[in-house]
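Last residue of the sequence shown? That's 610 in the working numbering, and every number before it is there in order.
C-beta atoms are modelled at their ideal positions from N, C-alpha and C, and glycine is treated no differently.
On a predicted model such as this, the values are computed, not experimentally measured, just so you know.
Below you'll find the structure, written out as structure tokens, and then a few comments.
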Amino acid sequence: MALFSDLKLNPKILNAIEDVGYQEPTPIQLQAIPAALEGRDVLGIAQTGTGKTASFTLPMIHLLARGRARARMPRSLVLCPTRELAAQVAENFELYSKNLKLTKALLIGGVSFKEQDQLIDKGVDVLIATPGRLLDHFERGKLLLTGVQIMVVDEADRMLDMGFIPDIERIFNLTPFTRQTLFFSATMAAEIERLTNTFLSAPLRVEVARQASASENIEQSVLLFKPSRKDREGTEKRKLLREMILNEGSDCKNAIIFCNRKSDVDICAKSLKKYGFNAAAIHGDLDQKHRMDTLDGFRTGSLQFLVASDVAARGLDIPSVSHVYNFDVPTNAEDYVHRIGRTGRAGRNGKALMISTPRDEKNFNAIEKLIQIEIPKIENSSLNIKDENRKEIQKNVAMQNTKGKPTAKDNKVNNRFSKSLATNQNEPSTSSEYKDEFQLPNFITKSFMERLSL
Ligand code: AMP
Numbered sequence: 157m158a159l160f161s162d163l164k165l166n167p168k169i170l171n172a173i174e175d176v177g178y179q180e181p182t183p184i185q186l187q188a189i190p191a192a193l194e195g196r197d198v199l200g201i202a203q204t205g206t207g208k209t210a211s212f213t214l215p216m217i218h219l220l221a222r223g224r225a226r227a228r229m230p231r232s233l234v235l236c237p238t239r240e241l242a243a244q245v246a247e248n249f250e251l252y253s254k255n256l257k258l259t260k261a262l263l264i265g266g267v268s269f270k271e272q273d274q275l276i277d278k279g280v281d282v283l284i285a286t287p288g289r290l291l292d293h294f295e296r297g298k299l300l301l302t303g304v305q306i307m308v309v310d311e312a313d314r315m316l317d318m319g320f321i322p323d324i325e326r327i328f329n330l331t332p333f334t335r336q337t338l339f340f341s342a343t344m345a346a347e348i349e350r351l352t353n354t355f356l357s358a359p360l361r362v363e364v365a366r367q368a369s370a371s372e373n374i375e376q377s378v379l380l381f382k383p384s385r386k387d388r389e390g391t392e393k394r395k396l397l398r399e400m401i402l403n404e405g406s407d408c409k410n411a412i413i414f415c416n417r418k419s420d421v422d423i424c425a426k427s428l429k430k431y432g433f434n435a436a437a438i439h440g441d442l443d444q445k446h447r448m449d450t451l452d453g454f455r456t457g458s459l460q461f462l463v464a465s466d467v468a469a470r471g472l473d474i475p476s477v478s479h480v481y482n483f484d485v486p487t488n489a490e491d492y493v494h495r496i497g498r499t500g501r502a503g504r505n506g507k508a509l510m511i512s513t514p515r516d517e518k519n520f521n522a523i524e525k526l527i528q529i530e531i532p533k534i535e536n537s538s539l540n541i542k543d544e545n546r547k548e549i550q551k552n553v554a555m556q557n558t559k560g561k562p563t564a565k566d567n568k569v570n571n572r573f574s575k576s577l578a579t580n581q582n583e584p585s586t587s588s589e590y591k592d593e594f595q596l597p598n599f600i601t602k603s604f605m606e607r608l609s610l
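Following this line, the structure appears as structure tokens:
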């Protein structure tokens with residue numbers, strides 16, 4: 157067994173790793189860390205779930221432990237495509253450098269310029285940023301990149317999707333060519349290949365197996381579904397989603413539910429809440445604080461179902477997601493790999509379920525072609541929810557909703573909703589039909605579920 161202690165990292169970093177509880181380095185860490193410690197450029201072809209973040213943060217902390225930051229000249233730079241990912245990288249630095257004194261600043265949307273300016277003015281060892289925000293600061297004359305000794309580009313493939321490549325090139329050109337570069341991407345599109353050929357110098361190429369093909373611990377399935385009418389597709393899919401969740405019973409500890417469109421993320425989260433599920437939405441239009449709070453809730457377990465768009469969910473480090481639901485078949489096959497990679501992480505088992513309609517056939521075929529696996533199909537009729545599963549769900553929901561007891565007025569509302577369901581009144585099918593009246597107080601969900609004997 158390989159050991160972290162063989163990696164010649166600063167003992168203070170090794171102590172921090174021990175506190176986190178990692179037993180052994182992951183394959184990418186094992187290969188990338190020694191090369192980075194030697195000052196080599198690294199090209200990591202890997203995605204989240206492989207331990208890639210620690211494969212660059214650990215050597216950076218080691219290398220930065222010597223020396224001091226100068227005003228307005230960060231010593232290292234980490235570029236991330238999304239704010240969430242940047243915040244997560246910052247958390248990683250915090251965790252692994254807790255026994256060392258390193259300063260860092262986070263330049264992401266939604267965080268005030270003033271505070272970050274003050275930090276940068278004093279001098280930071282690590283600057284973690286999204287490309288746009290970094291260039292904003294640079295253009296305001298607040299920042300010099302000529303002191304950057306180590307530069308990291310994380311999730312370059314997503315940068316490409318988001319149109320950040322010109323920004324990245326510009327940033328590369330603002331840093332000294334003598335810098336060390338650690339570059340990560342899940343895939344190597346031609347444009348990314350070009351970028352690495354231009355800006356990396358004789359890098360060590362570390363490729364870790366694709367998650368979809370490598371991760372045998374993700375059980376995948378797809379439900380082929382034909383809506384009864386085109387205009388009822390959303391409603392029927394949401395009903396199906398609920399059944400697919402209930403069908404998993406207590407195995408479904410928590411789940412990320414992916415939708416292709418932000419509007420569907422909102423509708424889906426609202427609908428799940430209405431039916432008593434402990435769900436919340438996360439997508440790019442929600443403000444930063446809201447997104448962070450939602451994510452924290454999901455991480456700590458106070459939120460069970462996170463309904464997400466691809467961009468918002470990319471790179472989220474949530475180690476123990478039991479299920480991923482693809483409410484929509486992603487239009488980009490690579491996104492499927494990223495989505496299902498949220499489960500079955502760090503050796504745990506996970507389940508990935510998807511709903512596919514006849515309209516999705518082309519995209520679905522592209523996924524099977526990419527992952528070179530035939531995804532097992534499940535029959536709609538096999539979704540007869542077992543009684544014991546209903547009981548488990550009821551128990552789970554009861555545990556999630558411990559706040560307050562319903563008042564007589566609440567019970568009245570509750571009754572109304574149970575009745576509307578009992579008479580099989582369908583939920584609204586478009587977002588405009590969603591009114592506040594469907595927002596039930598938090599505690600109602602419990603008795604609501606009980607009445608439905610779910
Ligand atoms: P990443 O690929 O960087 O998103 O990391 C995926 C998950 O693996 C995170 O929850 C890390 O905390 C965790 N992790 C990173 N390195 C190790 C390791 N050596 N052993 C176990 N878990 C790890």
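So is the beta-carbon of residue i under 6 Å away from any non-hydrogen atom of ligand 1?
{"i": "Gly200", "result": "no"}
{"i": "Pro181", "result": "yes"}
{"i": "Gly205", "result": "yes"}
{"i": "Lys164", "result": "no"}
{"i": "Tyr492", "result": "no"}
{"i": "Tyr178", "result": "yes"}
Which of the three DSSP states, helix, strand or coil, is assigned to residue i?
{"i": "Ser211", "result": "helix"}
{"i": "Val176", "result": "helix"}
{"i": "Leu263", "result": "strand"}
{"i": "Met157", "result": "coil"}
{"i": "Ser588", "result": "No answer about Ser588 holds up, because its pLDDT of 33 lies below 50 and its placement is not dependable."}
{"i": "Asn373", "result": "coil"}
{"i": "Thr487", "result": "coil"}
{"i": "Asn171", "result": "helix"}
{"i": "Lys518", "result": "helix"}
{"i": "Val198", "result": "strand"}
{"i": "Thr302", "result": "coil"}
{"i": "Ile529", "result": "coil"}
{"i": "Asn482", "result": "strand"}
{"i": "Ala221", "result": "coil"}
{"i": "Glu404", "result": "coil"}
{"i": "Ser419", "result": "helix"}
{"i": "Leu459", "result": "coil"}
{"i": "Gly497", "result": "coil"}
Find out if the Cβ-Cβ distance for the pair residue i, residue j is shorter than 7 Å.
{"i": "Glu311", "j": "Pro237", "result": "yes"}
{"i": "Phe160", "j": "Pro183", "result": "no"}
{"i": "Ser253", "j": "Ile217", "result": "yes"}
{"i": "Thr499", "j": "Asn519", "result": "no"}
{"i": "Leu299", "j": "Glu347", "result": "no"}
{"i": "Leu356", "j": "Thr337", "result": "yes"}
{"i": "Ala225", "j": "Val280", "result": "yes"}
{"i": "Ala342", "j": "Asp313", "result": "yes"}
{"i": "Glu363", "j": "Ile534", "result": "no"}
{"i": "Arg228", "j": "Ile264", "result": "no"}
{"i": "Ala309", "j": "Arg335", "result": "For the record, residue 309 in the displayed sequence is Val; it is not Ala. It is not a contact, given that the beta carbons lie outside the stated cut-off."}
{"i": "Ile523", "j": "Tyr492", "result": "yes"}
{"i": "Ile511", "j": "Leu396", "result": "yes"}
For a test of your reading of the model: does the CB of residue i fall under 6 Å from any non-hydrogen atom of ligand 3? Yes or no.
{"i": "Ala210", "result": "For ligand 3, the structure offers nothing, since it holds only ligand 1."}
Have a look at residue i and residue j and give me their C-alpha separation to the nearest angstrom.
{"i": "Pro584", "j": "Leu462", "result": "Low per-residue confidence applies at Pro584: pLDDT is 35, beneath 50, and the placement is therefore not dependable enough to give any value."}
{"i": "Ile413", "j": "Val421", "result": "8 Å"}
{"i": "Phe333", "j": "Ile527", "result": "38 Å"}
{"i": "Phe320", "j": "Leu351", "result": "12 Å"}
{"i": "Lys418", "j": "Leu186", "result": "38 Å"}
{"i": "Gly440", "j": "Ser465", "result": "8 Å"}
{"i": "Lys525", "j": "Ala489", "result": "9 Å"}
{"i": "Phe339", "j": "Thr391", "result": "43 Å"}
{"i": "Thr259", "j": "Arg398", "result": "46 Å"}
{"i": "Ser458", "j": "Glu247", "result": "20 Å"}
{"i": "Cys408", "j": "Ala436", "result": "16 Å"}
{"i": "Leu256", "j": "Ala172", "result": "10 Å"}
{"i": "Leu262", "j": "Pro230", "result": "12 Å"}
{"i": "Arg289", "j": "Leu451", "result": "22 Å"}
{"i": "Arg394", "j": "Ile401", "result": "11 Å"}
{"i": "Asn416", "j": "Gly506", "result": "21 Å"}
{"i": "Pro167", "j": "Glu174", "result": "10 Å"}
{"i": "Met307", "j": "Gly266", "result": "23 Å"}
{"i": "Gly453", "j": "Ala191", "result": "37 Å"}
{"i": "Gly207", "j": "Gln274", "result": "32 Å"}
{"i": "Lys382", "j": "Met448", "result": "36 Å"}
query: Should the region 371-388 be regarded as contacting the region 479-499, the criterion being three or more beta carbon pairs within less than 8 Å?
result: Between the region 371-388 and the region 479-499 there are three or more C-beta pairs closer than 8 Å, enough to call the two in contact.
Given 8 Å, three or more beta-carbon pairs between the region 192-202 and the region 280-289: Fewer than three beta-carbon pairs drawn from the region 192-202 and the region 280-289 are found closer than 8 Å, and the two stretches are therefore not classed as touching.
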